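Taking it in order: structure first as structure tokens, then the write-up.
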Amino acid sequence: MGSQPRLVEVRKNVLKQNDLAARALREEFRAAGVFVVSLVSSPGSGKTAFLERTLTELRQNYRVAALVGDLATENDAIRLARSQAPVKQITTGTLCHLEAAMVQGALEGWHLNQLDFLFVENVGNLVCPSSYDLGENLRLVLISVTEGEDKPLKYPTIFNSADVAVVTKMDLAPAVEFDWDSAYGNIQAVRPGMRVLKISAKTGDGMQEYLSYLMARLDELRAAAAI
Ligand SMILES: Nc1nc2c(ncn2[C@@H]2O[C@H](COP(=O)(O)OP(=O)(O)OP(=O)(O)O)[C@@H](O)[C@H]2O)c(=O)[nH]1
Ligand SMILES: [Mg+2]
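Sequential numbering from 0 applies to the sequence shown in numbering that gives the first Met the number 0.
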């Protein structure tokens, strides 16, 4: 009982520190003119598969790079590097989310002003990453068709911390009898008006709409910077 307020205090301080680091990062990203996209989801929703495809396709016309967080292994960085884009793995040890300071550290030696898009794949977790701002311009929350349509209702915070929802593995939808109306309705119940994209990293379906959206957002960023 007596120790509880102290724990709350510590957590508040950590979060505040992260907000300061995230603010500094956001300013760095703005000054460099790079558009930063982060991806959050439960483990295995398809972040890396989606990101590998994103990097491969965008790389033809844009300068792209990625950071990827996991508790352990370089596996995802190795997969993403197949796109030929610069990639760095962040291993968090026991931590279930990335923090702004980790992103800052991983960017050392990279010239942000030589990039159009920077992607940050967070640790697979539907809870912890929601409270940690990484200074990104756009946060995507992924939900795969195999997870169950009710996930937005059970994990509302992560949907509230994100800007756009991406329903992944659409190629598997018939096999798991995925109910699109129910999933869409649940996302809208938690976050009214949220944009929801459908994609399959396996077949490429839905990638064009998503990539066009990213390109339009980069154009907006550049137009605002030119004013
Ligand atoms: N059929 C199908 N399988 C997919 C798709 N996207 C990913 N997968 C598979 O789903 C599994 C998990 O995909 P990952 O890309 O590793 O998922 P992740 O979210 O990065 O996982 P963590 O980083 O561990 O949280 C792999 O076996 C992928 O091949 C898809 O669009 N369709
Ligand atoms: Mg991954």
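Virtual Cβ for every residue (Gly too), placed ideally from N, Cα, C.
All values derive from a computational prediction rather than experimental measurement.
If residue 121 sits next to residue 141, beta carbons under 8 Å apart, how far is it from one beta carbon to the other, in whole angstroms?
Along the sequence shown, read from residue 1 onward, the residue named residue 121 stands at position 122. Along the sequence shown, read from residue 1 onward, the residue named residue 141 stands at position 142. That belief does not hold up - the Cβ atoms of residue 121 and residue 141 are roughly 10 Å apart, past 8 Å.
Chain-order list of residues whose beta-carbon lies under 6 Å from that of residue 163 (same chain, five-residue window excluded)
Here residue 163 is taken as the residue at index 164 of the sequence shown, counted from 1. The beta carbon of residue 163 sits closer than 6 Å to those of 139, 194, all from its chain and outside the five residues before and after it, given in chain order.
Give the C-beta separation of residue 44 and residue 167 to the nearest angstrom, bearing in mind that I take them to be a contact with Cβ-Cβ under 8 Å.
Mapped onto the sequence shown, residue 44 falls at position 45. Mapped onto the sequence shown, residue 167 falls at position 168. Between residue 167 and residue 44 the Cβ distance is about 6 Å, and since that is below 8 Å, they are a contact.
Any chance the CB of residue 197 is under 6 Å from a heavy atom of ligand 1?
Along the sequence shown, read from residue 1 onward, the residue named residue 197 stands at position 198. Residue 197 Cβ: outside cutoff for every heavy atom of ligand 1.
Going residue by residue through the stretch 152-211, where are the continuous beta strand (DSSP E) segments of at least 3 residues, counting only ones entirely within it?
163-167, 194-197
Residues in its own chain within less than 7 Å of residue 127 by CB, not counting five upstream and five downstream?
For the purposes of this step, residue 127 is taken as the residue at position 128 of the sequence shown. Cβ neighbours of residue 127 beyond the five flanking positions: 95, 96.
Kindly examine ligand 2 and report whether one of its heavy atoms sits closer than 6 Å to the Cβ of residue 168.
Stepping through the sequence shown from its first residue, residue 168 is reached at position 169. No, ligand 2 has no heavy atom inside 6 Å of this Cβ.
Hey, is residue 156 close to ligand 2, as in C-beta under 6 Å from one of its heavy atoms?
The residue you call residue 156 lines up with position 157 of the sequence shown. No, Cβ of residue 156 sits at least 6 Å from all heavy atoms of ligand 2.
Please determine if the stretch 68-75 and the stretch 104-124 are in contact, where contact requires at least 3 C-beta pairs separated by less than 8 Å.
The count of Cβ pairs closer than 8 Å, one atom from the stretch 68-75 and one from the stretch 104-124, reaches three, so the stretches are in contact.
Find the nearest neighbour of residue 181 within the set 206, 111, 146, judged by alpha-carbon distance.
To locate residue 181, count along the sequence shown from 1; it is residue 182. Of the listed residues, the one whose Cα sits closest to residue 181 is 146.
Please report the distance separating the alpha-carbon of residue 189 from that of residue 21.
For the purposes of this step, residue 189 is taken as residue 190 along the sequence shown, with counting starting at 1. For the purposes of this step, residue 21 is taken as residue 22 along the sequence shown, with counting starting at 1. Each residue's Cα considered, the two are about 25 Å apart.
DSSP three-state call for residue 130: helix, strand or coil?
Counted from its first residue, the sequence shown places residue 130 at position 131. Helix at residue 130.
Distance, Cα to Cα, residue 31 vs residue 136?
As a working note, residue 31 is residue 32 in the sequence shown. As a working note, residue 136 is residue 137 in the sequence shown. Looking at the two C-alpha atoms, the distance is approximately 13 Å.
For residue 82 versus residue 55, is the C-beta spacing smaller than 7 Å?
If you number the sequence shown from 1, residue 82 lands on position 83. If you number the sequence shown from 1, residue 55 lands on position 56. Yes. Within cutoff.
Any idea what DSSP makes of residue 69, helix, strand or coil?
As a working note, residue 69 is residue 70 in the sequence shown. It is a strand residue.
In terms of residue numbering, what span does the beta strand (DSSP E) encompassing residue 88 cover?
In the sequence shown, counting from the first residue as 1, residue 88 sits at position 89. Where residue 88 is concerned, the enclosing beta strand (DSSP E) stretches over 86-90.
Does DSSP classify residue 125 as helix, strand or coil?
Counted from its first residue, the sequence shown places residue 125 at position 126. It is coil, neither helix nor strand.
Using beta-carbon positions only, say whether residue 144 and residue 177 come within less than 7 Å of one another.
Counting from 1 along the sequence shown, the entry for residue 144 is found at position 145. Counting from 1 along the sequence shown, the entry for residue 177 is found at position 178. In this structure, residue 177 lies closer than 7 Å to residue 144 by Cβ.
Per DSSP, the bridge partner or partners of residue 37
As a position in the sequence shown, residue 37 is number 38, starting the count at 1. Paired residues: 119, 138.
Under 7 Å between C-beta atoms of residue 84 and residue 58:
Translated into positions along the sequence shown, residue 84 becomes position 85. Translated into positions along the sequence shown, residue 58 becomes position 59. In contact: residue 84 and residue 58 (Cβ atoms closer than 7 Å).
Can you check the stretch 95-119 for any alpha helix (DSSP H) of at least 4 residues that lies completely inside it and give the ranges in chain order?
99-105
In the DSSP assignment, what residue or residues form a beta bridge with residue 143?
On the sequence shown, position 144 is the one that residue 143 refers to. Partner(s): 167.
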